[in-house]
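Structure first, then comments.
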Amino acid sequence: MVASSPSILLWLTAAGSLYLLWLGVATLRSCKTARFFNPDAASLPEPEALTGNSSQSLPQPSKGSVALLDKVEQRSPRSQFIKGLLTSGTNPKALLLYVALIPQYLDSSQPLPLSLQTGLLGLTHFSVSIPVYFLVALAASALLRSRPMAARVVTLCSGIIMILLSAGLIYEQFFVA
Numbered sequence: 053m054v055a056s057s058p059s060i061l062l063w064l065t066a067a068g069s070l071y072l073l074w075l076g077v078a079t080l081r082s083c084k085t086a087r088f089f090n091p092d093a094a095s096l097p098e099p100e101a102l103t104g105n106s107s108q109s110l111p112q113p114s115k116g117s118v119a120l121l122d123k124v125e126q127r128s129p130r131s132q133f134i135k136g137l138l139t140s141g142t143n144p145k146a147l148l149l150y151v152a153l154i155p156q157y158l159d160s161s162q163p164l165p166l167s168l169q170t171g172l173l174g175l176t177h178f179s180v181s182i183p184v185y186f187l188v189a190l191a192a193s194a195l196l197r198s199r200p201m202a203a204r205v206v207t208l209c210s211g212i213i214m215i216l217l218s219a220g221l222i223y224e225q226f227f228v229a
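Going by our numbering, the sequence shown opens with residue 53, and the numbers climb by one from there.
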């Protein structure tokens, strides 16, 4: 569909870049309050509340934030894994990358049918990606738990990168001939 009408690609890119810009701005706006969420520590009181040495009263969570914490705590690791798997698996950029890269490794002269070759390459990619993503998640979790300021820095950098990518896409699509 996109190959038959380049203007569709132009509008899809424009919509995607505007959405990315919106995400980047929203991320930048939240960088001052960003922190690593540890569900195990969410129900523990602050140390000042235990000792009574707090000079000011602790803010009480709103009903919405309590409901959000309850929802986060109720998610099992399995449901979180499935959600991440579905999110990654339905990512159109990943699918387009897969479609662009895999065909160059298919060989019609091999005894295996092309569909089986495609499936094997996909399963190989999948089996390599899961441990890599898992290790990245563990490393990020360890970093953010040990350095609370890191969550703010990562959030700030993420927002800036999203805005720059959006600006680059807009510039490339509308100002480069």
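Think of the CB as a built atom: it goes at the ideal place given N, C-alpha and C, for glycine as much as any other residue.
Please read these numbers as outputs of a predicted model, since none were measured by experiment.
Assuming Arg204 and Cys83 make a contact with CB atoms under 8 Å, what is their CB distance in whole Å? Mapped onto the sequence shown, residue 204 falls at position 152. Mapped onto the sequence shown, residue 83 falls at position 31. Sure, about 6 Å apart at Cβ, within 8 Å.
Through-space distance from Ala78 to Pro58, alpha-carbon basis: Sequence index remark: in the sequence shown, residue 58 carries index 6 (1-based). Sequence index remark: in the sequence shown, residue 78 carries index 26 (1-based). When rounded, the distance between both Cα atoms is 30 Å.
Check each candidate in Ser193, Gln132 and Ala86 and name the one with the smallest Cα separation from Leu208. Here the question's residue 208 lines up with position 156 in the sequence shown. Nearest option by C-alpha distance: Ala86.
Assuming Ser160 is part of the alpha helix (DSSP H), what are its boundary residues? Walking along the sequence shown from the start, residue 160 turns up at place 108. Ser160 -> no alpha helix (DSSP H), and no H or E assigned at all.
Where the alpha helix (DSSP H) containing Ser218 begins and where it ends: Taking the sequence shown and counting its residues from 1, the one referred to as residue 218 is at position 166. Segment Pro200 to Phe226, the alpha helix (DSSP H) holding Ser218.
Under 8 Å, with one C-beta from each stretch per pair, do the stretch 62–78 and the stretch 209–217 reach the 3-pair mark? yes
Gln225 to Ser56 span [Cα, whole Å]: Residue numbering aside, residue 225 sits at position 173 when the sequence shown is read from its first letter. Residue numbering aside, residue 56 sits at position 4 when the sequence shown is read from its first letter. Taking the straight line joining both Cα atoms gives about 18 Å.
Return no unless some Cβ of chain C is closer than 8 Å to the Cβ of Leu137. Going by chain labels, chain C is absent from the structure shown, which holds only one protein chain.
Measuring CA to CA, which of Phe133, Leu173 and Pro200 is closest to Tyr185? Against the sequence shown, residue 185 aligns to sequence position 133. Nearest of Phe133, Leu173 and Pro200 to Tyr185, Cα basis: Phe133.
Which of the three DSSP states, helix, strand or coil, is assigned to Ala86? Taking the sequence shown and counting its residues from 1, one reaches residue 86 at position 34. Coil.
Length of the line joining the Cα atoms of Val188 and Leu172: Here residue 188 corresponds to residue number 136 of the sequence shown, with the count starting at 1. Here residue 172 corresponds to residue number 120 of the sequence shown, with the count starting at 1. Approximately 24 Å, taken between the alpha carbons.
Does the beta-carbon distance from Gln169 to Leu158 come in below 8 Å? By 1-based counting over the sequence shown, the position of residue 169 is 117. By 1-based counting over the sequence shown, the position of residue 158 is 106. Taking 8 Å as the Cβ cut-off, Gln169 and Leu158 qualify as a contacting pair.
What are the boundary residues of the alpha helix (DSSP H) that Thr139 is part of? Position 87 of the sequence shown, counted from the first residue, corresponds to residue 139. Note, Thr139: alpha helix (DSSP H), Pro129 to Gly141.
C-alpha distance - Leu164 paired with Leu175, whole-angstrom precision: Taking the first residue of the sequence shown as position 1, residue 164 is located at position 112. Taking the first residue of the sequence shown as position 1, residue 175 is located at position 123. Approximately 15 Å, taken between the alpha carbons.
Report the three-state DSSP secondary structure of Ser193 (helix, strand or coil). Within the sequence shown, residue 193 is the residue found at index 141, counting from 1. Ser193 falls in the helix class under three-state DSSP.
Output the boundary residues of the alpha helix (DSSP H) element that contains Ile154. On the sequence shown, residue 154 is found 102 positions in, with the first residue counted as 1. No alpha helix (DSSP H) contains Ile154, which DSSP labels as neither H nor E.
What number of angstroms, rounded off, separates the C-alpha of Thr141 from the C-alpha of Pro200? Translated into the one-based positions of the sequence shown, residue 141 becomes position 89. Translated into the one-based positions of the sequence shown, residue 200 becomes position 148. Looking at the sequence shown, residue 141 is not Thr but Gly. Taking the straight line joining both Cα atoms gives about 31 Å.
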